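Have a look at the structure below, then the notes.
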Amino acid sequence: RAVRTVAAVDLGAESGRVVRATFDGERLDAAEVSRFAHLPRPVDGILRWDLAGLTRDITAGLGALGTDAPVASVGVDSWGVDYGLLRADGTLLDAPTCYRDPRQLVALDEALATVGRDRLYRATGTQINEINTVFALLSDARTTRRLDDAATLLMLPDVFHHLLSGSRVTEFTAASTSGLYDMVGRRWAVELAEELGIPARVLPEVVPAGTDLGPVVGALGEGPLAGARVVAPAGHDTASAVVATPFTAPGALFVSSGTWSLVGVETPHAVVTPESEAANLTNEGGVAGTTRLLRNVMGLWLLQECRRAWARQGLQLSYAELVELAAQEPELRSVVNPNAPEFLAPGDMPARVQAYCERTGSPVPQTPGAVARCVVDSLALSYRTTVEDIAAVTGTPPPAVHITGGGARNRLLAQATADATGLPVHCGPVEATALGNAAVQLVALGELADVAEVRAVVARTAEIRTCSPRPQARWEEAAARLRQMTLDDDRRR
Ligand code: LFR
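Written out as structure tokens, the structure reads:
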């Protein structure tokens, strides 16, 4: 059987990569062709992504694919919620804004005052979270003139699909992160947009994952991508990661672990009930009609921001060194609510963790190892309370946990997750997102049958490590403390 090659562009909030994926009928392998760091910066008073830099780095990465093996197709996935705006002539209006801008919290309050929490949740099935697109658009409408000239909104992966092929549509999984898409009715929540003063005319046609968006155009269409199609994968990175999660049992929990930890289960339908609303669980679109019922738990962002803060003070610690130091610290000494609002924006994260401990009466962690231990334990505890909330809403406790993404390398976090949840934790694949992106392209090309086959192929190809739980009463007590802190933080919001 001939080997099929596709290119997956996977954009994370801190770095992006271009991956060459090959399928030989047995194995699905991913080889990184290039990786590039990027950072949002303020432009015109709003934190924005470096669109020009990303475009340059993606173009260079695709150029480096080489011409040895023909590339059948290319697709882009990225973090959710952010978007670009096209003018009527198809040019991009300006650089896409970043969901970590404090303007979004202001807009969230305005939306709550305008239509209320129930309306926002019931019209969409999306958790109320300041990062959602709807709040950025509300802020655009009320504080800028951006929307005056905007003809079409494209979710971020589709901004790059547009640059590659000229397409002007948005893929479903990406649209589902907006907080403006009705996950039950499967259409834009047009009425909600209008009630909020967001012009519904900018909301584009939505297409399913696996849609052929046309040939690669322009200079790129003449290099390694000559003859290649642009095929929309599951544009939302979390959706791509879950496609390539080799679940060992029905109803198992996924933790897609990168900048964020997305903690949830795959369900056949959106779950929009008073219970899911009270638990603020979100419904995100998956491939082949599925939904992910999940919560955004803070992720490795906390450790990455800590590393950046220490580096500014002259202390360079690799990620692995930091985890090593944390492993030497006693567990559960200090616990924070990792989802507290003060941890969202970039800044001096060790100081914020210390201040949180001080305020809530935990011993204040003094060393990098102690701060990192506190973060790891707190994340694991937050996974546990999310498991409990999901089980209460679905009525089915998950039998196991699958951690994918960069966090699947962190053994300390995996063991803490097993201990906190009392469940076996399977780690891997680390490159789930790129594999899932490629796999959906391969399904569209007719090389793989469906998601079940994708998962079977990933299970045979990837290296999966399992941690067994060592349940202890201390995790119970700590989880109760986390629940209390979460209630207090929600009251402070
Ligand atoms: C993960 C992710 C989450 C989304 C957050 C912000 O990378 O896509 O799913 O909620 O980033 O976009």
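Here the sequence shown stands for residues 3 to 495, where the numbers follow UniProt numbering.
Glycine is no exception: its CB is placed at the ideal position from the N, C-alpha and C atoms.
Keep in mind the model is a prediction, meaning the values are calculated, not measured.
No Cβ-Cβ contact shorter than 7 Å links residue 422 with residue 375. Here residue 269 carries a strand assignment [DSSP, helix/strand/coil].
Only exposed fits residue 271, as fewer than 16 other CB atoms lie within 10 angstroms of its CB. CA-CA distance, residue 425 to residue 402, rounds to 5 Å. From the listed residues 197, 78, 153 and 38, the smallest Cα separation to residue 114 is found for 197. Within the region 5-93, the complete alpha helix (DSSP H) runs of at least 4 residues fall at 53-65.
Rounded to the nearest whole angstrom, the CA to CA distance from residue 287 to residue 484 is 29 Å. Residue 441 and residue 246 have their C-alpha atoms some 8 Å from each other. Excluding the 5 residues flanking it on each side, residue 59 has same chain C-beta neighbours closer than 8 Å at 18, 36, 38 and 40, in chain order. Within the same chain, 395 come within 6 Å of residue 278 by CB-CB distance, once the 5 residues on both sides are set aside. Taking C-alpha positions only, residue 252 is separated from residue 431 by approximately 18 Å. The ligand LFR never approaches residue 282 closely enough for any of its heavy atoms to be under 6 Å from the residue's Cβ. DSSP, reduced to helix, strand and coil, places residue 439 within a helical segment of the structure shown. With fewer than 16 neighbouring CB atoms inside 10 Å of its own CB, residue 369 falls in the exposed class.
By the criterion of a C-beta distance shorter than 8 Å, residue 330 is surrounded in its chain by 371, once the five residues flanking it on both sides are discounted. At a Cβ-Cβ threshold of 7 Å, residue 259 and residue 407 count as neighbours. DSSP places residue 354 in the uninterrupted alpha helix (DSSP H) bounded by 351-362. With fewer than 16 other Cβ atoms from the protein chains shown falling within 10 Å of its own Cβ, residue 360 counts as exposed. Contact check for residue 127 and residue 186: beta-carbon distance about 6 Å, within the 8 Å limit, so the pair qualifies. In terms of Cβ geometry, residue 237 and residue 175 form a close pair [threshold 7 Å].
Relative to the Cα of residue 124, the nearest Cα in the group 66, 152 and 183 belongs to 183. In its chain, beyond the 5 residues on either side, 245, 289 and 290 have a beta carbon closer than 7 Å to the beta carbon of residue 453. Taken through DSSP and simplified to helix, strand or coil, residue 256 comes out as strand.
Residue side-chain check: residue 82 places its Cβ nearer than 6 Å to a non-hydrogen atom of the ligand LFR.
Checking the DSSP bridge columns, you'll see residue 469 partnered with 427.
Following the DSSP letters along the chain, one finds residue 493 inside the alpha helix (DSSP H) bounded by residues 475-494. Residue pairing from DSSP places residue 217 in a beta bridge opposite 231. Sequence-distant partners of residue 411 (beyond 5 residues in either direction) whose C-beta falls short of 8 Å from its own C-beta, in its chain, are 429 and 432.
The Cβ-Cβ distance between residue 262 and residue 298 falls below 7 Å.
Annotation for residue 103 indicates a beta carbon at 6 Å or more from all heavy atoms of the ligand LFR. For residue 26, same chain residues with a beta-carbon under 6 Å away, outside a window of 5 residues either side, are 5 in chain order.
Burial state of residue 242 is buried, judged by a 10 Å Cβ sphere holding 16 or more other Cβ atoms. Apart from sequence neighbours up to five positions away, the residues of its chain that approach residue 324 with a beta-carbon distance below 7 Å are 305, 309, 370 and 374, ordered along the chain. Following the DSSP letters along the chain, one finds residue 409 in no alpha helix (DSSP H), marked with neither H nor E. By the Cβ neighbour-count rule, residue 486 is exposed, with fewer than 16 other Cβ atoms within 10 Å of its own. By the neighbour-count criterion, in which a residue is buried when 16 or more other Cβ atoms sit within 10 angstroms of its Cβ, residue 98 is buried.
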